[in-house]
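Each residue of the sequence shown is one higher than the one before, starting from 26 at the first, in the working numbering.
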Amino acid sequence: MGFLVDRGTRVLVQGITGNFGRSQTRLMQSYGTNIVAGVTPGKGGTQAEGVPVFDSVADAAVQTGPIDATVVYVPAPFTRAAVEEAAEALIPLIVVITEGVPLHDEMRLRHLTRSRSLWMIGPNCPGILVPGETSLGMIPPSSTSPGVVAVISRSGTLTFEITKVLTDAGLGQSVCVGIGGDRAIGRDFADYLRLAEEDPVTRAIVMVGEIGGDAEERAARVIAEEITKPVVGLLVGRHAPRGRRMGHAGAMISGGTGTIESKEKALNEAGVPLVRYLWDLPEAIRKLGVIQGV
26 MGFLVDRGTR
36 VLVQGITGNF
46 GRSQTRLMQS
56 YGTNIVAGVT
66 PGKGGTQAEG
76 VPVFDSVADA
86 AVQTGPIDAT
96 VVYVPAPFTR
106 AAVEEAAEAL
116 IPLIVVITEG
126 VPLHDEMRLR
136 HLTRSRSLWM
146 IGPNCPGILV
156 PGETSLGMIP
166 PSSTSPGVVA
176 VISRSGTLTF
186 EITKVLTDAG
196 LGQSVCVGIG
206 GDRAIGRDFA
216 DYLRLAEEDP
226 VTRAIVMVGE
236 IGGDAEERAA
246 RVIAEEITKP
256 VVGLLVGRHA
266 PRGRRMGHAG
276 AMISGGTGTI
286 ESKEKALNEA
296 GVPLVRYLWD
306 LPEAIRKLGV
316 IQGV
């Protein structure tokens, strides 16, 4: 098994018959993702991109057998119901691409999935891709290559750009995951860092944070206490004005928390080297001395 997923992962797509769901299904299929079913209420008995469509997750599970993961391309007002349905079916991995999910819905889904020991990536994320294995979401496979560097990012777009920079520098990735930029996501940096620590393929970790919240500060404590693999950090939002939300729902500085300075201080104290620009990442990784020949 790769980092949460591999080529054998049996995937469901919720919202498969929408324009975005269809186009993303085609892209995932072209990378070899094993999509076994789709769900759109009222469209049961049809097909989308050669995939059988069901009215509910429960129907899909009964008709197609065990489902390991679902990717949610459902409009924001209906995302809570879609994820609750997946959680009721105990699907182990729920990847929520949708942006604009109400905060109270996110808080409920975070509690629901964690209380059932399920893993929710997102909401408001690009998903997860294990290079050479499978893709769940919308990370461009062309920007990635197989390797030993885990990329764990709050920013979706930067996930794409950083994997491309690393790939061009000959530094392949063990996993590329956008964890979500909203205030209440399923799992935090700390959870993914622990996964990377246990992953036999991963030898170095790139953690991409941004202003707002305290996820990076909490991650720094985990790095200091639990993580033995080297971590390189990149923090964005340095010039954002305080008190104003910038892009992501989570990217807001409030009082003395969530500042670039507080995050830098915490990560520096945990021994994490930080770069200011994404194009400096390859050299910073090479300096770690854990990857030979690149």
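Note that the Cβ used here is the ideal one computed from N, Cα and C, for glycine as well.
Contacting residues, own chain, Cβ-Cβ under 6 Å from K68 (five flanking each side not counted): Within the sequence shown, residue 68 is the residue found at index 43, counting from 1. Excluding residues within five positions, the ones whose Cβ falls inside 6 Å are T42, V78.
Three-state secondary structure assigned by DSSP to E235: Here residue 235 refers to the residue found at position 210 of the sequence shown. Three-state DSSP puts E235 in a strand.
Where the alpha helix (DSSP H) through T169 begins and ends: Locating residue 169 in the sequence shown gives position 144, where the first residue counts as 1. Counting along the chain, T169 falls outside any alpha helix (DSSP H), and DSSP gives it neither H nor E.
C-alpha gap between G57 and V231, whole angstroms: Here residue 57 refers to the residue found at position 32 when the sequence shown is read from its first residue. Here residue 231 refers to the residue found at position 206 when the sequence shown is read from its first residue. Cα to Cα, the separation comes out at about 26 Å.
Residue nearest to I60 in terms of C-alpha spacing, selected from L115, D239, G70, G75: Counting from 1 along the sequence shown, the entry for residue 60 is found at position 35. Selected option, being the one with the closest Cα: G75.
With 16 other Cβ atoms within 10 Å as the buried cut-off, status of Q198: If you number the sequence shown from 1, residue 198 lands on position 173. Flag for Q198 reads buried.
Spatial neighbours of M26 in its chain, beta-carbon cut-off 6 Å, leaving aside the 5 residues before and after: Within the sequence shown, the letter at position 1 stands for residue 26. Per-residue confidence for M26 stands at a pLDDT of 46, beneath the threshold of 50, marking its modelled position as unreliable; the derived number appears in the next sentence. Leaving aside the five residues that flank M26 on each side, none in its chain has a CB nearer than 6 Å to its CB.
DSSP-derived helix/strand/coil call for F11: With the chain covering 26 to 319 only, the question about residue 11 has no answer from this structure.
Per-residue DSSP class, three states only, for M320: Residue numbering for the chain in the displayed model covers 26 to 319; residue 320 lies beyond these limits and cannot be assessed.
Cα-Cα separation between P307 and L191, rounded to whole angstroms: Taking the sequence shown and counting its residues from 1, the one referred to as residue 307 is at position 282. Taking the sequence shown and counting its residues from 1, the one referred to as residue 191 is at position 166. So the alpha carbons of these two residues sit roughly 6 Å apart.
Own chain, CB closer than 8 Å to A274, minus 5 neighbours either side, in chain order: Here residue 274 refers to the residue found at position 249 of the sequence shown. Model confidence at A274 stands at a pLDDT of 49, short of 50, so the residue's coordinates are unreliable; what they give is reported in the following sentence. So the list reads L128, N149, G206, D207, R208, once near-sequence residues are dropped.
Beta-carbon contacts of A249 that lie in its chain and below 8 Å, excluding the five residues immediately before and after: What you label residue 249 is simply residue 224 of the sequence shown in a count that begins at 1. The residues are E294, A295, G296.
Limits of the unbroken alpha helix (DSSP H) element including N293: Looking up residue 293 in the sequence shown gives position 268. Looking at the DSSP string, the run of the alpha helix (DSSP H) that includes N293 is 285-294.
Residues of its chain near E131, where Cβ-Cβ distance is below 8 Å and the 5 sequence neighbours each way are ignored: Along the sequence shown, one-based indexing puts residue 131 at 106. Closer than 8 Å at Cβ, skipping near neighbours: P148, D207, R208, A209, I210.
C-alpha gap between T253 and D84, whole angstroms: As a position in the sequence shown, residue 253 is number 228, starting the count at 1. As a position in the sequence shown, residue 84 is number 59, starting the count at 1. Going by the C-alpha atoms only, they are around 44 Å apart.
Same chain, Cβ closer than 8 Å to T50, five either side skipped, listed in chain order: Locating residue 50 in the sequence shown gives position 25, counting from the first residue. Cβ neighbours of T50 beyond the five flanking positions: V38, I41, I60, G63, A73, E74, V76.
Beta-carbon spacing of L303, E222 below 8 Å: Locating residue 303 in the sequence shown gives position 278, counting from the first residue. Locating residue 222 in the sequence shown gives position 197, counting from the first residue. In this structure, E222 does not lie closer than 8 Å to L303 by Cβ.
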